[in-house]
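In full-length UniProt numbering, the protein residues as written are 1 to 58.
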Amino acid sequence: MLTNLPNPTLFLDTIHLQEAKASSEIENIITTNDDLYKSLVADKKFDNPATKEVINYK
């Protein structure tokens with residue numbers, strides 16, 4: 001089913017990002033989905049150090 005999507009890497013990147021966010025929360029690195037997606041769209045300009053950490057963990 002994944003191959004039927006127009007851009008399957010977008011779907012997989014989203015799953016990896018959510019896993020990185022959940023794993024980072026265990027280490028008390030808290031960020032929001034909005035901050036994560038905004039930083040990805042803005043060419044990785046980070047306003048929050050926790051967001052940077054989660055993106056790097058991904």
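From the three backbone atoms N, C-alpha and C, an ideal C-beta is built for every residue, glycine too. Keep in mind the model is a prediction, meaning the values are calculated, not measured.
| Query | Result |
| --- | --- |
| Let's test the definition: count the other Cβ atoms within 10 Å of the Cβ of S23 and tell me whether it reaches 16, buried, or not, exposed. | exposed |
| Is the beta carbon of T51 closer than 8 Å to that of D35? | yes |
| Measuring only the C-alpha atoms, how far is I30 from A20? | 11 Å |
| Can you check the UniProt domain "Fic/DOC N-terminal" (2 to 57) for any alpha helix (DSSP H) of at least 4 residues that lies completely inside it and give the ranges in chain order? | 8 to 26, 33 to 41, 49 to 57 |
| Mind checking whether F11 and L2 have CB atoms under 8 Å apart? | yes |
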